[in-house]
Every structure is written in structure tokens, then in C-alpha cells.
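Sequence order for the protein chains is Z and Y. The numbering of the first sequence is the working numbering, which starts it at 8 and goes up by one. The numbering of the second sequence is the working numbering, which starts it at 8 and goes up by one. Just so it is clear, CB atoms sit at the ideal spot from N, CA and C, and this is done for glycine as well. Before any comments, here is the structure.
Number of protein chains: 2
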Amino acid sequence: MTEAKYVTVQADIKSKIYQGGYPDLKLPDERSMAENYGVSRSSIKRALNVLVQQGIIFKKRGSGTFVNPLYLKNQAIFQHEGSNLGVSDSFRIDGQAPAIELLDFRVIQATPEQQSALFLNDGDFVYEIKRLRKLNGVPFMIEYGYVPIALLPGLKKGDVTQSIYGYVEKEKHKKVTRSFMTIMAAPSNEEEQTLLKLKPTEPVGIMEGIFFMDDGTPLEYSNMRLHYEYLRYNAFVSLGSE
Amino acid sequence: MTEAKYVTVQADIKSKIYQGGYPDLKLPDERSMAENYGVSRSSIKRALNVLVQQGIIFKKRGSGTFVNPLYLKNQAIFQHEGSNLGVSDSFRIDGQAPAIELLDFRVIQATPEQQSALFLNDGDFVYEIKRLRKLNGVPFMIEYGYVPIALLPGLKKGDVTQSIYGYVEKEKHKKVTRSFMTIMAAPSNEEEQTLLKLKPTEPVGIMEGIFFMDDGTPLEYSNMRLHYEYLRYNAFVSLGSE
DNA sequence: TTTTATAATTGGTACGTTCCAATTGTAAAA
DNA sequence: TTTTACAATTGGAACGTACCAATTATAAAA
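Okay, structure coming up:
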């Protein structure tokens, strides 16, 4: 399975940007880029649009395509969204993956909400996995995960004290690369205050969503309740429905 | 200037989703949609991809295209999901834009953080605009905006009781179409509790970030503090450069 | 020199076609 | 009935063309 062309081109352009390959912050026009890369203009457009979406470049009709100067100047604040998928993933960036303490692990009937989120039928069962995540010994998140037993029939207690996605990759040879998340905030309840060492006035950040496997199958419905200081979600938003 | 087709189609599909026009959460296949809408399959794909990006639907090759059930559940007031940039737009769902009450308006020296975000130098000045936003008379957000005075030298009190972006469009003929935002949560302080009618245990949601004009110039550094029930951010996240 | 009209450049939208890959449905075979 | 092989369905990638719209560059006119 070879990489899609527009992905290759996009990666190449991005690295050129990093290396200062466009001194005046202006990229060549699309037509000549197409010729140079030996692909169609459509593919160039697609590659560029990915970068636009990431806030790295911007286009202006009639003028050309430009590097976002802020991106070069301060990439630190531009640690953009791609880094935010799973939890162990987004926090592994700072060095070590967080420790996991298993609080509860059982099989229950899927609620209607879980059924629709995970493509299940009435009466289907899911694992309920309740875990506490710690970073350097400090707990920062309570996570409720729900996984259809049909997807991972052999799941054991020992498996869920580590990343589920690692397990899936090893056992099913599928990757977990996509998710739909809703981000919210709410006052903390007593349990959260105890486990996360929060004062009664301190809230939790909530990240709720579905994680998908490579092939589009919903793998997990997750409700993550974070110590509010650990909720930081970065997003580049652009108008024009693209 | 008539609307692009894929935008029209995208809007139509979205409203159909809201109205439950796809009972089994499955959309028709792309080819027949193309025929029904009288557009090419490419245009359908484009429209659908916008919705994928917004986390409203997802596709599965070989199977079809499906509505994200979580999205329907979280039909929130604040749908800041990629098609809505500024506050006035994000909340215009019920028809009317939110009211603005000006709390403070002054000129200050830019902090180091603002300097790097807005491309300013030491000693440069910014407007500080503190506003309270209301929806149907109910305050839901306190907004601190910082705009370089060099960009909008003639800005007056009367201008900031409305959308700044409207002012920019009229005076400078530039559009504000992109932003880079960070989403966080925090306990509420006394002032926020008073203005947003929060209990001491109830938090604020924070959306902080930079708004850009369409020529790439950073226009505003904004810190928005929302009543926690109004913060609902939907996002589609995918790893691997797409 | 300044202004104005025109052309060239550059990205945007849209179409339709070709081929591929993953999944699902169907029918034949065991 | 179960299994297997094959066909149909469905989304993905890529191409190339045509035309449009915003901007910029150029040349002509005042």
C-alpha cells in the first residue's frame, strides 16, 4: 500500500517550508508546482489545502500562496491539532506515556447512546473500562471507555492497563487514527475531586467522542474527564467551508 | 456573487441531517446523490468532505456514508466547528446575532505574549476591548480582545459595540477568515460569577487565540470566557496528514 | 506624471472520466 | 447448511479540461 501522491507532495512542501525553502514566504504558483512535481494541478491543490487546513500556509486568489509567517516564527504555539488524538498519544509527546491505573473493568449492555455511536444492536454488550491516568505519579484524568466485545473478544484485564490502541494494532493489525470529539467543561463531582485532587470550585474538562479504526469501524466510545489544567485543545479554524 | 455549488449542497445535506432526513443514519451513495442534486460526483465529494471535517458525518469505503450520532446528540448552542469563525456568527443559529455590551475600551502596551501573537515589537500599543455578549438577554461570555492600534488607527468606542470584523471589512476591505484557537477550562472568578450568573463551583470555558485577516496579518488576540454550558466544541481529528 | 484601460497571472469551481480498494451481496460448490 | 468464489456496490485517488474571479502587471491615454 503506497502512500497517496498528495500526501507525499504535502509532506515535501511542508519540509521545504521548515527548511526555509521559500525565502520570500511565497510558494510557486500551482501550475508550475504541478509540473515540477510531475502531478496534476488537482493533486497540488489537494496537498496545499491540507496545509491551509493546518494553518501553515494561506492562499489568496490572484496573488499566490504564502507561508503563514507566524507559523515559522512561533511554531510552539502552533502545535496543532494532529497531536491530539488519543490520550496516551497526545501526552506521550512530552516524553513518557502516562501510567494507567485500572479502576473498573466489566461487561455491560450497551446503552442506546453507545449503540448508535458504536453501530451496535439492542442487547449487544460492551466492555466498560474505567481508568485513572497519571503523569509522573500525578493523576490527571478519569476515563470511561466502552468497546464492543464483538470487536475484541479476547480482551483481558491485563490488556486494558495499557493503551487499547496498542492492543488493537498488535492483535487486529488496524490502526486508530481518527476520532470525533466534543469538548466541554463542567463542575467536578466528589469522586472527581478525590481522584484528581481538585478543590470543589475546580472543574473538569470533558472530552467525549468516538475513536475509529483505519477502516472506519467505530472502536471505542470514550468519556474523558480531565483535571482542568490538563485540557488544552488547539484548533485551526478557517471559514469558507473548506 | 452566487454561492458555490458544493456549499449549497453541503448546507442542504446538513439541514437534512438536522431534520432527521436520513432515518437509519446512512446517506445515499455518492453517485446517486450526484444525480439527484444535478451535480458531479466530485462536487458531492467536496460537500461531504466538508461535513466530515466538521465531524458531522463519516465515510467508510465500501460501506457508505453515515451520520455521526454524537453530533445529533450534542446539538449545542455553540457550534464552533469550522464554518463559524467569530462569535457573532457562531451564535447566529437562532437567527439573531448576540447583543454586545461594552465593558471597557482603552489603549495599553502589548504584553510579550500579545507581541509574539500579533507580530508586534516591544512598546507597541494595542486596544484592549472588554465586552459582554448576550443571547436573548442572557449573558454567556466575557470577551477580551486585543488589536494593534497601528492596524485600526481610527477605532472608536462606537465601532466596538458591534462586530470588529464587520468594521474591518467595511474600512479596510479585508476579511477575517481564519483563526488559531486554544480551548481550555478554569474555575470562575468573582467577576465572571457575577456577570455570567455562575455559582462559585461552576467554571468558565476559555477560547483563546489569534484571528487573521485574509492577507495573513494577525488582527486580534482574543480571550473569550464562556459560561461553561455554552462551550461545546466539536472536532474531527485525524492523524497522518489528512 | 498620473490615470485609466487592458492583458497576464494566479487561485477557485466544476465536470467527467479512469482506475483502484474495501466492503457487501449473491450464487455456486462442498 | 456452510463455505467459497465471484460480482456488484461504494468510497478514494488522480487526471485533465474548461471556465471564472481576484489580483497584479503592463501599456496606453490624459
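Asked: Nearest-angstrom Cβ-Cβ length linking Phe112 of chain Z and Val167 of chain Z, presumed shorter than 8 Å; Found: 6 Å
Asked: Euclidean distance between Cα positions of Lys12 of chain Z and Asn43 of chain Z; Found: 14 Å
Asked: Collapsed DSSP secondary structure at Arg68 of chain Z in the structure displayed; Found: coil
Asked: Validate contact between the stretch 67 to 77 of chain Z and the stretch 123 to 140 of chain Z using beta carbons, cut 8 Å, 3 pairs; Found: no
Asked: Within chain Y, partners of Ala124 of chain Z - CB distance below 7 Å; Found: Pro76, Leu77
Asked: Thr201 of chain Y versus Ala106 of chain Y - alpha carbon distance; Found: 18 Å
Asked: Where Asp111 of chain Y sits in the DSSP three-state scheme; Found: strand
Asked: His180 of chain Y versus Asp221 of chain Y - alpha carbon distance; Found: 10 Å
Asked: Against chain Z: residues of the stretch 167 to 193 of chain Y by CB proximity under 7 Å; Found: Thr184, Arg185, Ser186, Phe187, Met188, Thr189, Ile190, Met191, Ala192, Ala193
Asked: CB contact below 8 Å: Lys67 of chain Z versus chain Y; Found: yes
Asked: Cutoff 8 Å: Gly244 of chain Z Cβ touching any chain Y Cβ; Found: Looking at the sequence itself, residue 244 of chain Z is Val, so the reference to Gly does not match. Judged by the 8 Å Cβ criterion, Val244 of chain Z is in contact with chain Y.
Asked: Under 8 Å between C-beta atoms of Val154 of chain Y and Tyr172 of chain Y; Found: no
Asked: Contacts of Arg140 of chain Y in chain Z (Cβ-Cβ under 9 Å); Found: Under the 9 Å cutoff, chain Z gives no residues; its nearest Cβ is about 17 Å from Arg140 of chain Y.
Asked: CB contact check: Arg232 of chain Z to chain Y, cutoff 8 Å; Found: no
Asked: Proximal residues to Ile190 of chain Y (C-beta, below 6 Å), its chain only, five neighbours per side dropped; Found: Met214, Tyr240
Asked: Where Thr208 of chain Z meets chain Y, residues with beta-carbon distance less than 7 Å; Found: Pro194, Pro207, Thr208
Asked: Nearest to Val145 of chain Y (by Cα), restricted to the options Y:Glu176, Y:Leu233, Y:Thr184; Found: Y:Leu233
Asked: Burial state of Glu178 of chain Y, where buried means 16 or more other Cβ atoms lie within 10 Å; Found: exposed
Asked: Between the CA atoms of Lys164 of chain Z and Glu108 of chain Z - distance to the nearest angstrom; Found: 11 Å
Asked: Coil, strand or helix - Gln26 of chain Y by DSSP; Found: coil
Asked: Environment of Val114 of chain Z [buried if 16+ CB atoms lie within 10 Å]; Found: exposed
Asked: Within-8 Å CB hit, Glu120 of chain Z to chain Y; Found: yes
Asked: Neighbouring residues, chain Y, relative to Asp222 of chain Z (Cβ below 8 Å); Found: Lys67, Arg68
Asked: Beta strand (DSSP E) segments (min. 3 residues) lying fully within the stretch 136 to 197 of chain Z; Found: 145 to 155, 183 to 194
Asked: Cβ of Phe73 of chain Z within 8 Å of any chain Y Cβ; Found: yes
Asked: Interface flag, Arg239 of chain Z vs chain Y, CB-CB below 8 Å; Found: yes
Asked: 8 Å Cβ cutoff met for Val16 of chain Z and Ser50 of chain Z; Found: yes
Asked: Distance, Ile20 of chain Z Cα to Leu142 of chain Y Cα; Found: 44 Å
Asked: Option nearest Leu139 of chain Y by Cα separation, candidates Y:Pro210, Y:Asp31, Y:Glu199; Found: Y:Glu199
Asked: Contact under 8 Å by Cβ, Phe132 of chain Y with Gln116 of chain Y; Found: yes
Asked: Interface flag, Lys80 of chain Y vs chain Z, CB-CB below 8 Å; Found: yes
Asked: 8 Å Cβ cutoff, Gly62 of chain Z in contact with chain Y; Found: yes
Asked: Limits of the unbroken beta strand (DSSP E) element including Val57 of chain Z; Found: Looking at the DSSP string, Val57 of chain Z is not in any beta strand (DSSP E); the run it does join, the alpha helix (DSSP H), is 48 to 60.
Asked: Cutoff 7 Å; reference Ser186 of chain Y; Cβ partners in own chain excluding five residues on either side; Found: Leu92, Gly216, Ile217, Phe218, Phe219
Asked: Interface residues of chain Z facing Gly212 of chain Y [CB-CB closer than 7 Å]; Found: Ala192
Asked: Neighbour-count burial assignment, Gln61 of chain Y, 16 or more Cβ in a 10 Å radius; Found: buried
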